[in-house]
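Residue numbers (my numbering): 13 to 360.
For glycine and all other residues, C-beta sits at the position ideal for the given N, C-alpha and C.
Keep in mind the model is a prediction, meaning the values are calculated, not measured.
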Amino acid sequence: MDTEIVRLKRDDSDNEALKRAGEIIKKGGLVAFPTETVYGLGGDALNPDSAGKIYKTKGRPSDNPLIVHIADIKDLEVIADNIPEMAYALADKYWPGPLTMIFDKKDIVPPDTTGGLNTVAVRFPSDKAAADFIRCAGGFVAAPSANLSGKPSPTTAARVKEDMDGRIEMILDGGDCNIGLESTIIDLTVDPPAILRPGFVTAEDVVEIAGRLNEGSKDESGVIVHPKAPGMKYRHYAPKGDMTVINGSEDNVIKYINNEVKDAADKGIRCAVIAVDETKDRYDNVRVFSLGSRNDHEKVGHRLYEVLRKLDDEGIEMIYAEAFKEEGFYAAVMNRMKKAAGGKEIKV
Ligand code: TXA
Ligand code: MG
């Protein structure tokens with residue numbers, strides 16, 4: 013299949029391309045589109061065959077449910093049941109935006125879209141092109157991130173092309189995604205609600221409206237586990253290289269990484285360090301990727317996935333990443349870094 017790539021202009025002159033993209037979805041095809049978080053791989057959320065196509069195209073297990081994207085708050089009631097008052101308060105503040113809420117689903121949503129669950133995840137993105145595209149597509153677009161399963165989510169159309177060229181009908185190129193990490197997911201079918209995936213809307217933000225959060229159950233190390241987000245059980249966001257997150261005081265972290273890198277280099281292993289502007293010049297004889305200033309959490313989050321993909325481009329075999337304090341948006345950054353590292357974190 014030939015994949016058409018359309019560069020969007022951020023004004024009304026895009027209408028023609030967005031209409032064609034919408035027609036592709038209505039006919040059961042797939043279109044990748046930009047959102048403020050990451051690029052999505054869209055199909056008709058109400059068409060069971062489209063969900064099947066998405067799973068096949070991504071190489072994703074079909075028990076891992078898809079998020080349904082809407083572009084009008086009124087459409088929430090078409091697909092979700094038993095919507096609590098709190099959802100409207102959250103929507104008021106964070107929709108359109110990087111927040112996904114989980115509800116009981118209505119019958120109109122096929123189980124294929126929700127991985128067989130009786131619940132549905134709903135998101136109303138703030139990216140204008142995304143919202144226009146969703147409207148042109150009939151209002152309900154199922155979309156996982158537009159990467160092949162296991163790879164970091166794409167934050168540029170070039171990265172979408174790398175994974176999806178020849179596999180889908182169209183890629184809408186809207187430039188860089190602002191936020192660069194996937195939406196916060198909160199489960200409103202439990203009371204109090206539970207955060208299933210941290211994101212730009214932080215736990216602190218949700219508590220302000222929800223009052224309190226469901227702590228779920230904790231594993232033996234005290235980490236909160238929410239088996240209800242099926243996607244979280246799969247290996248995720250992974251670069252090909254072997255990654256470890258290093259946590260501790262700045263001096264300890266730098267000393268530890270410099271030692272490790274020296275050992276690895278002696279063995280001929282290609283290493284890289286993921287650091288910040290404040291520390292990037294303190295590493296010796298190693299490729300260093302800075303995520304930006306430690307004080308600029310938005311930039312750090314925005315750059316993370318692109319850096320993970322660059323590590324692969326350069327054939328890096330061993331990666332050491334400086335940790336961040338898990339507060340606010342950095343909770344989401346650390347969540348993705350630890351997943352990329354397959355859970356490997358060393359305290360120094
Ligand atoms: O920012 C985002 O959310 C992006 C953009 C494209 O909107 N989408 C995205 O989708 O990250 P995906 O499929 O890569 O991640 C969706 C996550 C998965 O971990 C999935 O298991 C979980 O949401 N999920 C979806 N529906 C669910 C449900 N009904 N119950 C629990 N978890 C659900
Ligand atoms: Mg994903």
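Exposed or buried, what is Met-182 when buried is set at 16 or more other beta-carbons lying within 10 Å of its beta-carbon?
Looking at its Cβ environment, which holds 16 or more other Cβ atoms inside 10 Å, Met-182 is buried.
Considering Cα atoms alone, identify which of Ala-287, Leu-303 and Gly-304 is closest to Asp-296.
Taking only the C-alpha atoms, the option nearest Asp-296 is Ala-287.
Between which two residues does the alpha helix (DSSP H) containing Cys-189 stretch?
Taken as a continuous stretch (DSSP letters only), Cys-189 belongs to no alpha helix (DSSP H), as it is neither H nor E.
What three-state label does DSSP hand Glu-357 in the structure shown?
strand
Length of the line joining the Cα atoms of Lys-351 and Asp-217:
23 Å
Which of helix, strand or coil does DSSP assign to Val-257?
strand
According to the neighbour-count rule (16 or more other Cβ atoms, all chains shown, within 10 Å of its Cβ), is Gly-128 buried or exposed?
exposed
Environment of Arg-19 [buried if 16+ CB atoms lie within 10 Å]:
exposed
DSSP state of Gly-313, grouped into three classes?
helix
Pick helix, strand or coil for Met-362, following the three-state DSSP scheme.
No information on residue 362 is available, as it lies outside the stretch 13 to 360 that the chain covers here.
Is Gly-211 helix, strand or coil when you go by DSSP?
The answer is coil: DSSP assigns Gly-211 none of H, G, I, E or B.
Under 8 Å: do the region 94 to 106 and the region 68 to 83 share three or more Cβ pairs, one atom per stretch?
no
Out of Ala-206, Ala-101, Val-153 and Gly-211, which one is the CA nearest neighbour of Leu-42?
Val-153
Helix or strand or just coil, what does DSSP make of Thr-131?
strand
Name the DSSP bridge partner or partners of Asp-93?
Asp-116
Nearest to Phe-301 by CA position, among Thr-126, Ile-331 and Ala-353, is which residue?
Ile-331
Separation of Lys-21 from Asp-344, as counted between CA atoms
Residue identity check: residue 344 is Ala in the sequence provided, not Asp. Those two C-alpha atoms are separated by around 30 Å.
To the nearest whole angstrom, what separates the beta carbons of Ile-379 and Ala-83, a pair I think is in contact under 8 Å?
Past the edges of the chain, shown from 13 to 360, lies residue 379, and the structure says nothing about it.
Taking just the CA atoms, how far does Phe-136 sit from Asn-130?
Straight across, the Cα-Cα distance linking Asn-130 with Phe-136 is about 20 Å.
Beta-carbon contacts of Lys-105 that lie in its chain and below 7 Å, excluding the five residues immediately before and after
Ile-221
Could you give the first and the last residue of the continuous beta strand (DSSP E) run that contains Asp-56?
52 to 56
Between the region 260 to 272 and the region 177 to 195, do at least 3 Cβ pairs fall closer than 8 Å?
no
Quick one: what's got a C-beta closer than 6 Å to His-8's C-beta in the same chain, skipping five residues either side?
The displayed coordinates of the chain run from 13 to 360. Any statement about residue 8 would go beyond what the structure contains.
Which listed residue (Ala-141, Glu-89 and Ala-101) has its alpha carbon closest to that of Lys-118
Ranking the options by Cα distance to Lys-118, first place goes to Glu-89.
Put Leu-323 into one of helix, strand or coil per three-state DSSP.
Looking at Leu-323 - three-state DSSP - the assignment turns out to be helix.
Along the beta strand (DSSP E) that carries Tyr-332, what are the first and last residues, could you check?
330 to 334
Any chance the region 44 to 57 sits against the region 202 to 209, with 3 or more Cβ pairs inside 8 Å?
no
Just to confirm, does Pro-110 get its C-beta within under 8 Å of one of the non-hydrogen atoms of the ligand TXA?
Result yes, Cβ under 8 Å from the ligand TXA.
I need the DSSP call for Ile-183, collapsed to helix, strand or coil.
strand
Using three-state DSSP, classify Leu-111 as helix, strand or coil.
Three-state result, Leu-111: strand.
Run the CB neighbour count on Glu-318, radius 10 Å, all protein chains shown included, and call it buried at 16 or more, exposed below.
Answer is buried; the Cβ neighbour count reaches 16.
Start and end residues, beta strand (DSSP E) containing Phe-45
43 to 45
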